[in-house]
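In my numbering, the protein residues as written are 1170 to 1431.
Below you'll find the structure, written out as structure tokens, and then a few comments.
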Amino acid sequence: MSPLPKFSLNLNEEFPRLKAAPSIEAVIHWQAHAGKKLESEALKAELTQRLPDYPILQPQQDVQIGAVGAPDGSSEVFQRIQWSGFRLQDEQNRHVAQFTLNGVAFSRLEPYEEWISFQTEAFRFWHIFLELAEPTVIQRLGVRYINRIPLDNGEQPSLYLNTVPPAPSGLELPTESFFHQDTYRVPGYPYHINWVRTIQPEGTDPANGRALIVDIDVFTTELLQLDQDTLIQQLKEMRWLKNKVFFSCITDTALARFGATP
């Protein structure tokens, strides 16, 4: 068996620009445990002062459920609720951030604009987390894009996606629904890719009709230092991988629908 060709990232490769990008949520996520104890009220005051353009601030809680055994062989189920951080949102409902004891997740909701402003705003939250939480290492860094492509009556996902699971041989039936997930390790780089394609069924709300979902999550779990230049480079590489997967799996019809330009 011949060896696989060496994989390399081409960061100079250009991808089409989309005037109507299908992204409903773009996320940059740093998982990094706080290096100091954070108190709820003190953190709330700091975030309120530093982020006045995110006036909607809600506490987040983790729920733990377990069981404790007794000497007589019985067990008692318990539930423990613990504060874990805050969820922040701007007035336009365009940006959402989760500022927790274990890191920062920053989301841009639809309509998606462009990478530079998205990354800049995400780093704004990360720098605040660095100052307030004092983490020493990053356990996980990820870039995730969730895309939603509405399907009109009678439209098949193959109109927009060129990697649709085939029907059983001899049964030429229209695809009603599917869920397909692939995971990849990128050779020579510290990255993994989780790629999901599925059909969202039609709901009771006409605005949430049947749609194709393409969810791409590129991440690394190798322990990362806090160096800014390294983080920017790795985000650039993960973004390239995300783009490569997305533009390789959609059809020319999809590109036309999204208003693609060179």
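The C-beta atom is built at its ideal place from N, Cα and C for all residues, glycine as well.
Since the structure is predicted, the reported quantities are computational estimates derived from the model, not experimental observations.
Residue range of the unbroken beta strand (DSSP E) whose run includes residue i
i: Q1261; result: Neither: Q1261 is in no beta strand (DSSP E) and is coded neither H nor E.
i: L1310; result: 1309-1319
i: T1367; result: 1361-1369
i: V1414; result: No beta strand (DSSP E) holds V1414; the alpha helix (DSSP H) holding it covers 1397-1418.
i: S1209; result: Where S1209 is concerned, there is no enclosing beta strand (DSSP E), although the alpha helix (DSSP H) it sits in stretches over 1209-1219.
i: E1194; result: 1192-1200
Beta carbon proximity, residue i to chain D, threshold 9 angstroms
i: Q1394; result: In summary, chain D is missing from the structure at hand, where a single protein chain is found.
Contact set for residue i: own chain, Cβ-Cβ below 6 angstroms, skip 5 residues either direction
i: F1348; result: T1367
i: I1315; result: I1193, E1194, D1384
i: R1313; result: V1196, D1386
i: I1225; result: Q1258
From the options, residue whose alpha carbon lies closest to that of residue i
i: D1421; options: L1328, R1263, R1379, K1188; result: L1328
i: E1208; options: D1351, G1254, P1224; result: G1254
i: V1365; options: S1338, L1393, L1330; result: L1330
i: T1352; options: P1221, L1342, L1278, T1389; result: T1389
i: Q1444; options: W1284, H1361, Y1314, R1379; result: The requested residue 1444 does not occur in the structure, where the chain is confined to residues 1170 to 1431.
i: H1296; options: V1273, Q1402, P1280, S1286; result: V1273
i: L1404; options: T1305, F1292, P1337, L1340; result: F1292
i: N1181; options: C1418, W1409, I1419, R1426; result: W1409
i: F1294; options: P1335, E1215, E1282; result: E1215
i: E1285; options: L1310, I1197, S1338, Q1227; result: What sits at residue 1285 in the sequence shown is Ile, not Glu. Checked all of L1310, I1197, S1338, Q1227; the closest Cα to I1285 is I1197.
i: R1249; options: R1263, Q1230, Q1267; result: Q1230
i: D1396; options: S1177, F1287, K1205, L1299; result: L1299
i: N1363; options: V1414, Q1200, T1217, E1279; result: V1414
i: Q1200; options: P1185, A1211, F1416, F1275; result: F1275
Opening and closing residue of the alpha helix (DSSP H) in which residue i lies
i: V1355; result: It is not in any alpha helix (DSSP H) - V1355 carries neither H nor E in the DSSP assignment.
i: F1388; result: That residue, F1388, is in no alpha helix (DSSP H); its beta strand (DSSP E) goes 1380-1389.
i: A1425; result: 1421-1426
Contact belief for residue i with residue j at Cβ below 8 angstroms, rounded distance in angstroms
i: I1318; j: A1429; result: With 8 angstroms as the limit, I1318 and A1429 do not qualify as a contact, their Cβ atoms being about 14 angstroms apart.
i: Q1394; j: V1265; result: So it is not a contact: roughly 27 angstroms between Cβ atoms.
i: Y1223; j: L1257; result: 4 angstroms
Cβ neighbours of residue i in the same chain (closer than 7 angstroms, five flanking residues each side left out)
i: Q1325; result: P1343, T1344
i: S1346; result: I1368, P1370
i: P1191; result: N1316, R1317, I1318, F1427
i: P1334; result: F1347, H1349
i: A1189; result: F1427, G1428
i: R1219; result: I1297
Contacting residues, own chain, Cβ-Cβ under 8 angstroms from residue i (five flanking each side not counted)
i: L1270; result: H1202, A1203, L1207, S1253, G1254, A1302
i: H1361; result: T1352, Y1353, R1354, V1355, V1387, F1388, T1389, T1390
i: M1407; result: L1310, G1311, V1312, Y1360, V1387, F1388, T1389
i: T1399; result: L1393
Those runs of the alpha helix (DSSP H) which lie wholly inside the stretch 1247-1307 and span at least 4 residues: 1284-1302
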